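Colleague: Numbered per this note's numbering, the sequence shown finishes at 240, counting up by one with no gaps.
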Amino acid sequence: MYKILIMGPQGSGKGTQAEILAKELRVPAISMGALLREEIASGSERGLLAKSFIDSGRLVPDNLALDIVSERLIKPDAVNGWILDGFPRVLSQAELFLKIFKPTHAILLEISDDQSVGRLSGRLQCENCRAGFQMSHVPPKVAGQCDRCSGNLARRSDDVPEIIRQRLGIYHKETELVVRLFEKMGILRQVDGSRSVEEVAMEIMRLFVA
Ligand code: AP5
Ligand code: MG
31 MYKILIMGPQ GSGKGTQAEI LAKELRVPAI SMGALLREEI ASGSERGLLA KSFIDSGRLV
91 PDNLALDIVS ERLIKPDAVN GWILDGFPRV LSQAELFLKI FKPTHAILLE ISDDQSVGRL
151 SGRLQCENCR AGFQMSHVPP KVAGQCDRCS GNLARRSDDV PEIIRQRLGI YHKETELVVR
211 LFEKMGILRQ VDGSRSVEEV AMEIMRLFVA
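1. Bridge partners of Gly111, per DSSP?
2. Any heavy atom of the ligand SAM closer than 7 Å to the CB of Asp144?
3. Using only the heavy atoms of the ligand AP5, determine whether one of them is closer than 7 Å to the beta carbon of His167.
4. Quick check: is any heavy atom of the ligand MG less than 7 Å from the C-beta of Ser61?
5. Using the C-alpha atoms, what's the distance from Gly73 back to Ala136?
6. Hey, out of Pro91, Glu206, Thr46, Glu228, whose CA is closest to Leu218's CA?
7. Would DSSP call Arg149 helix, strand or coil?
8. Using only the alpha-carbon positions, how far apart do Pro118 and Glu49 sit?
9. Could you pull the start and end residues of the alpha helix (DSSP H) that Glu140 belongs to?
10. Could you tell me whether the region 99–110 touches the region 182–195, using the rule of 3 or more Cβ pairs below 8 Å?
11. So Val227 packs on Val168, CB below 8 Å; how close in whole Å?
12. Are at least three pairs of beta-carbons, each pair with one atom in the region 148–156 and one in the region 165–179, less than 8 Å apart?
13. Does the beta-carbon distance from Leu138 to Gly216 come in below 8 Å?
14. Closest to His202 by CA distance: which of Ser142, Ile130, Gly43 is it?
15. Name the DSSP beta bridge partners of Arg219, please?
16. Could you check which residue in Phe238, Arg225, Gln196 has the C-alpha nearest to that of Ile84?
17. Tell me which same chain residues have a C-beta within less than 7 Å of the C-beta of Gly181, skipping the five on either side of it?
18. So what does DSSP say about Val99, is it helix, strand or coil?
This is the structure in structure tokens:
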């Protein structure tokens with residue numbers, strides 16, 4: 031059974047690669063960030079709390095993130111495995127998470143901070159189906175319009191240069207410690223995330239068909 035964590039700095043392609051791998055392995059791709067943005071869109075109290083943290087580039091409180099991700103991972107479609115992107119990000123989350131869930135792999139996508147900022151500054155997302163685009167690397171066929179569903183493309187509220195740097199700072203200070211933990215556990219696989227979407231996807235697939 032595959033229980034795969036996708037890790038990496040902001041804009042390294044966690045969401046992009048999780049979706050591709052999920053189709054290949056026939057398990058759901060679950061994104062912590064997307065779950066939080068859905069919670070915000072629902073107008074719930076939890077969403078209202080999450081918004082203030084996300085918009086300022088800070089992590090939401092551990093208990094909020096853990097509650098939301100646990101509720102998602104116990105849904106029926108995840109009983110035969112899952113791919114989870116963006117959780118855990120701090121050691122305290124990892125400790126709580128590992129008491130309940132047993133990941134089989136942690137894939138680390140590596141890119142430089144300059145690439146992070148470059149990719150996120152040009153990221154667009156469909157407001158309807160959530161498909162992702164990038165102005166320079168993965169442009170939509172028609173400007174401002176989703177290739178998949180013709181929905182409107184928009185920027186994420188936290189994709190602003192100073193907020194991206196704040197998020198990267200937390201990644202280097204906190205999340206890299208979680209990466210080292212998975213390395214010690216022997217489940218970490220490192221992948222060069224700086225190449226094209228297709229090349230990165232091929233390298234990840236090779237980890238599972240050896
Ligand atoms: P989240 O939504 O997870 O944001 P993130 O970690 O900053 O990562 P991104 O989604 O920005 O990047 P990605 O790696 O998924 O890259 P993508 O595939 O989109 O979290 C948002 C916020 O929620 C956090 O800041 C925090 O506030 C909160 N949160 C989340 N998890 C939390 C937790 N565990 N605890 C507490 N709070 C939490 O790709 C980026 C762009 O590049 C796209 O435009 C894509 O099209 C393009 N692209 C992808 N791959 C390539 C490639 N190979 N070449 C060129 N372009 C590419
Ligand atoms: Mg993402």
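Beta carbons: idealized from backbone N, C-alpha and C, even for Gly.
The structure presented is a predicted model; accordingly, all values stated were derived computationally and were not measured.
Modeller: By the coordinates alone:
1. Tyr32, per the DSSP bridge assignment.
2. This structure does not include the ligand SAM; its bound ligands are the ligand AP5 and the ligand MG.
3. Correct: His167 has its Cβ closer than 7 Å to the ligand AP5.
4. The answer is yes for Ser61.
5. So the alpha carbons of these two residues sit roughly 32 Å apart.
6. Of Pro91, Glu206, Thr46, Glu228, the residue nearest in Cα terms is Glu206.
7. Looking at Arg149 - three-state DSSP - the assignment turns out to be helix.
8. So the two alpha carbons sit approximately 18 Å from each other.
9. Looking at the DSSP string, Glu140 is not in any alpha helix (DSSP H); the run it does join, the beta strand (DSSP E), is 135–140.
10. Short answer: they don't touch.
11. With a contact defined as Cβ atoms closer than 8 Å, Val227 and Val168 qualify at about 7 Å.
12. The answer is yes - the region 165–179 touches the region 148–156, with three or more Cβ pairs under 8 Å.
13. In this structure, Leu138 keeps its C-beta atom at 8 Å or more from the C-beta atom of Gly216.
14. Nearest option by C-alpha distance: Ser142.
15. Residue pairing of Arg219 in beta bridges, as defined by DSSP: Ile137.
16. The residue with the shortest Cα to Cα distance from Ile84 is Gln196.
17. Around Gly181: Cys156, Glu157, Asn158, Cys159.
18. If DSSP states are grouped into helix, strand and coil, Val99 belongs with the helices.
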